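Enquirer: So that we are looking at the same thing, I have put the structure below in structure tokens.
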DNA sequence: ATAATAATAGTCAACATTAGTCAAAAAGTT
DNA sequence: AACTTTTTGACTAATGTTGACTATTATTAT
């Protein structure tokens, strides 16, 4: 059991709701109050845990009756989402971000647990081990794109 | 063993917990305080006594609510075959040689077709795409060794 | 209509809270 | 003495928390 910090707890809370609902709409200030934190903490949670890499699409509106809507999307079946993913990777990607992508591919059953683990082993920071972080992120991007292409055209 | 130095004592302490728990999650500073040593001593203990060779996998997270998680894993029956292969790879390997290794692992049913293909996609020449062939072969070696290490245990 | 005001959410940078690295010093072994 | 292992701490890196300030949208007043 992890999750000693508020961000993890909020993440868990939102994902539990998303487990049945596929999509939720929240009021930022209400959630903040519920977990006794500042409103911008909700943005932090969303930006780090509900990105497209994680398989989520977020839309929001300000002003009276404003909201934040979080929707779970399927990575393979949606071509647009796949394109977004490619855009995110571009020509460099951190391990953390790559991890999120692999995890969502596993959650969407595109990858088995073992396949996901092998890919993660390949793109781990210690594995690539370049002095220059930019080189590391560039190599990781090439590997990931190569693998995504394999997944895309193989079946 | 001979519980002479602090490292041995900490090792013993952690392993005693791991005897019933299969996995533990610690706070580095708490353990350090418990044994009256500096936090980085915990890293030393982990790096020298909880390696994959010993059958342990370690994961950690920094920041608020950070932790170090140590899990005991089951080494598969041909874990030592992986060790032999890693000896052969050493610190550099061509794609052709790597291909043979992956192929033999497939033939021995260690890898499925899809797993083998994903690995090959990752270590392909066009994927790695380095000017310098020596760099390419070194990176390929690191990736392959990391993957072989991962194959040593299940789950 | 238009302007002012209220009610939202977003951004960003400072600060806080962890863990990791590395190399020098100390201790132990041969 | 030479070599290996352990101990220590200064510095670094990653992640999380907070709040002041900004941007956008809806509502109300003129």
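Residue numbers (full-length UniProt numbering), protein chains in the order written: chain E, 1 to 155; chain W, 1 to 155. Backbone N, C-alpha and C fix where the C-beta goes; we use that ideal spot for every residue, glycine too. These figures come from a predicted structure and were not determined experimentally.
Please report how far the alpha carbon of residue 113 of chain E lies from the alpha carbon of residue 64 of chain E, in whole angstroms.
Expert: Distance between the alpha carbons of residue 113 of chain E and residue 64 of chain E: 44 angstroms.
Enquirer: Spell out a yes or no on whether the stretch 64–73 of chain E and the stretch 119–137 of chain E are touching, meaning 3 or more CB-CB pairs, one atom from each, closer than 8 angstroms.
Expert: The answer is no - the stretch 119–137 of chain E does not touch the stretch 64–73 of chain E, with fewer than three Cβ pairs under 8 angstroms.
Enquirer: Using a Cβ distance threshold of 8 angstroms, determine whether the stretch 42–58 of chain W contacts the stretch 102–109 of chain W, with at least three qualifying pairs required.
Expert: Segments in contact, no.
Enquirer: For residue 118 of chain E, go through chain W and note every residue whose CB falls closer than 8 angstroms to its CB, in chain order.
Expert: What residue 118 of chain E touches in chain W: 115, 118, 119, 147, 150 and 151.
Enquirer: Report yes or no: do the stretch 140–154 of chain E and the stretch 10–27 of chain W share at least 3 C-beta pairs separated by less than 8 angstroms?
Expert: Output reads no: the stretch 10–27 of chain W does not touch the stretch 140–154 of chain E.
Enquirer: What are the complete beta strand (DSSP E) segments, minimum 3 residues, inside the UniProt domain "CtsR N-terminal HTH" (5–74) of chain W?
Expert: Taking only runs of at least 3 residues, the beta strand (DSSP E) segments lying wholly in the UniProt domain "CtsR N-terminal HTH" (5–74) of chain W are 23–26, 56–61 and 67–72.
Enquirer: Run the CB neighbour count on residue 102 of chain W, radius 10 Å, all protein chains shown included, and call it buried at 16 or more, exposed below.
Expert: Answer is buried; the Cβ neighbour count reaches 16.
Enquirer: Does the Cβ of residue 45 of chain E have 16 or more other Cβ atoms within 10 Å, making it buried, or fewer, making it exposed?
Expert: Looking at its Cβ environment, which holds 16 or more other Cβ atoms inside 10 Å, residue 45 of chain E is buried.
Enquirer: Verify the CB distance criterion: does residue 55 of chain W have a CB-CB separation below 8 angstroms to chain E?
Expert: Cβ-Cβ to chain E under 8 angstroms: no for residue 55 of chain W.
Enquirer: Under a CB-based cut-off of 8 angstroms, is residue 143 of chain W close to chain E?
Expert: Closer than 8 angstroms to some Cβ of chain E, the Cβ of residue 143 of chain W qualifies, so yes.
Enquirer: Looking at residue 137 of chain E: is its Cβ nearer than 8 angstroms to the Cβ of residue 76 of chain E?
Expert: No. Outside cutoff.
Enquirer: What's the C-alpha gap between residue 100 of chain E and residue 4 of chain W?
Expert: Answer to the nearest angstrom: the Cα atoms are 43 angstroms apart.
Enquirer: Under 8 angstroms, do residue 140 of chain W and residue 79 of chain W count as touching if we go by C-beta distance?
Expert: Contact flag unset, no.
Enquirer: Given residue 21 of chain W, which residues of its chain have a CB within under 7 angstroms of its CB, disregarding the five upstream and five downstream residues?
Expert: Here the set comprises nothing.
Enquirer: Which whole-angstrom value describes the C-beta separation of residue 35 of chain E and residue 17 of chain E, a residue pair presumed to lie in contact below a C-beta threshold of 8 angstroms?
Expert: Their Cβ separation, rounded to whole angstroms, is 14 angstroms, which puts residue 35 of chain E and residue 17 of chain E out of contact at 8 angstroms.
Enquirer: Would you kindly check if the distance between the Cβ of residue 11 of chain W and the Cβ of residue 49 of chain W is under 8 angstroms?
Expert: For residue 49 of chain W and residue 11 of chain W, yes; Cβs fall inside 8 angstroms.
Enquirer: So residue 77 of chain W is in the alpha helix (DSSP H); what residue range does that whole segment cover?
Expert: Run containing residue 77 of chain W: none; DSSP gives neither H nor E here.
Enquirer: So which of W/126, W/135, W/129 and W/127 has the shortest CA-CA distance to residue 130 of chain E?
Expert: The candidate whose alpha carbon is nearest that of residue 130 of chain E is W/135.
Enquirer: Distance, Cα to Cα, residue 163 of chain W vs residue 57 of chain W?
Expert: Nothing can be reported for residue 163 of chain W: it is not among the residues displayed for chain W, which extend from 1 to 155.
Enquirer: Check for me: the alpha helix (DSSP H) holding residue 129 of chain E runs from which residue to which?
Expert: Careful: residue 129 of chain E lies outside any alpha helix (DSSP H) and carries neither H nor E.
Enquirer: Rounded to whole angstroms, what's the CA-CA distance from residue 133 of chain W to residue 116 of chain W? Just pull it up for me.
Expert: So the two alpha carbons sit approximately 23 angstroms from each other.
Enquirer: Counting C-beta neighbours from all protein chains within 10 Å, is the total for residue 150 of chain W 16 or more, i.e. buried, or is it exposed?
Expert: By the 10 Å Cβ count, residue 150 of chain W comes out buried.
Enquirer: Per DSSP, residue 189 of chain E is paired with what?
Expert: A question about residue 189 of chain E goes unanswered here, because the residues of chain E that appear run from 1 up to 155.
Enquirer: How should residue 152 of chain E be labelled, buried or exposed, when 16 other C-beta atoms within 10 angstroms of its C-beta is the threshold for buried?
Expert: By the 10 Å Cβ count, residue 152 of chain E comes out exposed.
Enquirer: Once DSSP output is grouped into helix, strand and coil, what is the label at residue 108 of chain W?
Expert: Residue 108 of chain W: coil per DSSP, three-state reduction.
Enquirer: Drop a sphere of 10 angstroms on the beta-carbon of residue 142 of chain W, count the other beta-carbons inside from all chains shown, and report buried for 16 or more, exposed for fewer.
Expert: Buried, because 16 or more other Cβ atoms sit within 10 Å of the Cβ of residue 142 of chain W.
Enquirer: Report the rounded CA-to-CA distance for residue 15 of chain E versus residue 124 of chain W, giving the unit in angstroms.
Expert: Distance between the alpha carbons of residue 15 of chain E and residue 124 of chain W is about 37 angstroms.
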